[in-house]
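>
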Amino acid sequence: MKIFVAGGTGAIGRPLIAELLAKGHALVALTRSPEKTQALVEQGIEPAIADVFDTDAVKAVVGRAQPEVVIEQLTALPKHYTRAEFNAAAAFNTRLRLDGGANVLAAAQAAGVRRYLRQSIAFWAVPGPGLADEETPLAFDASPAVAADARVVVELEHRLLGNSNIEGIALRYGFFYGPGTWFIPDGDVAQQVRQQQFPIVGNGEGVWSWLHIEDTAIATVAAAEQGNPGIYLIANNQPLAVREWLPAFAQWLNAPPPAQISVEDALKASGADAVYYGDSDARRIECQGKTRTEFSAATVGVDL
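Read in order, the letters of the sequence shown correspond to residues 279 to 582 in the working numbering.
1. Are G286 and A304 close, meaning C-beta to C-beta below 9 Å?
2. With DSSP as the reference, identify every bridge partner of R472, one or two as the case may be.
3. Please classify A366: is it buried, with 16 or more other beta-carbons within 10 angstroms of its beta-carbon, or exposed?
4. What three-state label does DSSP hand S421 in the structure shown?
5. Compute the Euclidean distance between the alpha carbons of Y555 and Q474, then round it to the nearest angstrom.
6. A384 to V283, Cα distance in whole Å?
7. Does P293 come out as helix, strand or coil in the three-state DSSP assignment?
8. Could you check whether G482 and E542 sit closer than 9 Å to each other, using their CB atoms as the reference points?
9. Should S442 go down as buried or exposed, given a rule of 16 or more other Cβ atoms within 10 Å for buried?
10. Quick check: what's the CA-CA separation for R392 versus E445?
11. Secondary structure at Y359, three-state DSSP: helix, strand or coil?
12. Can you name, in chain order, every residue of its own chain whose Cβ lies under 8 Å from the Cβ of I491, other than the five neighbours on each side?
13. Along the chain, where does the beta strand (DSSP E) containing E445 start, and where does it finish?
14. What separation, rounded to the nearest whole angstrom, lies between the Cα atoms of S311 and G549?
15. Using a Cβ-Cβ cutoff of less than 7 Å, which residues in the same chain neighbour R429 once the five nearest sequence positions on both sides are dropped?
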């Protein structure tokens, strides 16, 4: 198939591009930098030069490409996993997803694209006992940043899935680990763990559902090839509480055991979002053993 990728240079984009090429698909990748075109050409990828915020330019490059499928992975996450950098990146990341994503979706519609995939998020499901599924709503009443982003994600999903002229697929991914993420030996979280700056909050009851970045690519390509319209949870089959995965991660790094701080101290130091992720003891496990799909991602435990 001919596939147009928007957001092909980030942590997801690089393994995704490699997997698509390995499966023999013809690729067109959006870039706003003419300097990057040679590298794309050398990989066998057709470059499409446009600023994602330029409506007409995006429409033109998608129209020229005439792809069957568009995969949108637009996001702008900070280099460091800190409250300050997340706050600084938030406005642009939201604009990129809402406005940039709207331009890519509109261009796909105008070009008669058959199927459209976009990145979404699994780990903001409403907290509760048991397993979530694709019908589980996202947590609008969570901590401030989580709730705000959950509303953005739902708006993006509704915008895509409410469109009867295109096969829309929203992929709700778990927490990424592996090359290019924060959770590798030279990643930012690893550095914080070595310096005992990534503590267990309260009892460490917050449950994280993980997803290796290469499994992300495998699942996304499978969805592009044969997925039906709708929402899919894409995560490993072994969700873990912070009290489990963080000490194991520290041990794997040969780092000191993580510190443990009270909820009150975490609120003062890092805010409500850190508490939500770290010690929300009713966090719903975001990952079922299988989702209602006709494809499956390779699932692995958190191999620390």
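In this text, a Cβ means the ideal position worked out from N, Cα and C, and glycines have one as well.
Working from what's here:
1. Translated into the one-based positions of the sequence shown, residue 286 becomes position 8. Translated into the one-based positions of the sequence shown, residue 304 becomes position 26. The answer is no: Cβ separation not under 9 Å.
2. In the sequence shown, the residue the question calls residue 472 occupies position 194. BP columns for R472 are empty, so no partner.
3. By 1-based counting over the sequence shown, the position of residue 366 is 88. Exposed, because fewer than 16 other Cβ atoms sit within 10 Å of the Cβ of A366.
4. By one-based count along the sequence shown, residue 421 stands at place 143. Of the three classes helix, strand and coil, the one that applies to S421 here is coil, per DSSP.
5. Mapped onto the sequence shown, residue 555 falls at position 277. Mapped onto the sequence shown, residue 474 falls at position 196. Rounded to the nearest angstrom, the gap between the Cα atoms of Y555 and Q474 is 17 Å.
6. Here the question's residue 384 lines up with position 106 in the sequence shown. Here the question's residue 283 lines up with position 5 in the sequence shown. A straight-line Cα-Cα distance of about 15 Å links A384 and V283.
7. Counting from 1 along the sequence shown, the entry for residue 293 is found at position 15. The answer is helix: DSSP assigns P293 an H, G or I state.
8. What you label residue 542 is simply residue 264 of the sequence shown in a count that begins at 1. What you label residue 482 is simply residue 204 of the sequence shown in a count that begins at 1. The answer is no: Cβ separation not under 9 Å.
9. Residue numbering aside, residue 442 sits at position 164 when the sequence shown is read from its first letter. Exposed, since its Cβ has fewer than 16 Cβ neighbours within 10 Å.
10. Within the sequence shown, the letter at position 114 stands for residue 392. Within the sequence shown, the letter at position 167 stands for residue 445. Looking at the two C-alpha atoms, the distance is approximately 6 Å.
11. Start at 1 with the first residue of the sequence shown, and residue 359 comes out as number 81. The answer is coil: DSSP assigns Y359 none of H, G, I, E or B.
12. Translated into the one-based positions of the sequence shown, residue 491 becomes position 213. Counting only Cβ-Cβ distances below 8 Å, and skipping sequence neighbours, we find A289, I290, P293, F454, Y455, G456, P457, G458 and T459.
13. Walking along the sequence shown from the start, residue 445 turns up at place 167. E445 -> beta strand (DSSP E) spans E445 to Y451.
14. Working through the sequence shown from its first residue, we reach residue 311 at position 33. Working through the sequence shown from its first residue, we reach residue 549 at position 271. The alpha-carbon atoms of S311 and G549 are separated by roughly 37 Å.
15. Working through the sequence shown from its first residue, we reach residue 429 at position 151. Excluding positions up to five away in sequence, the list reads F418.
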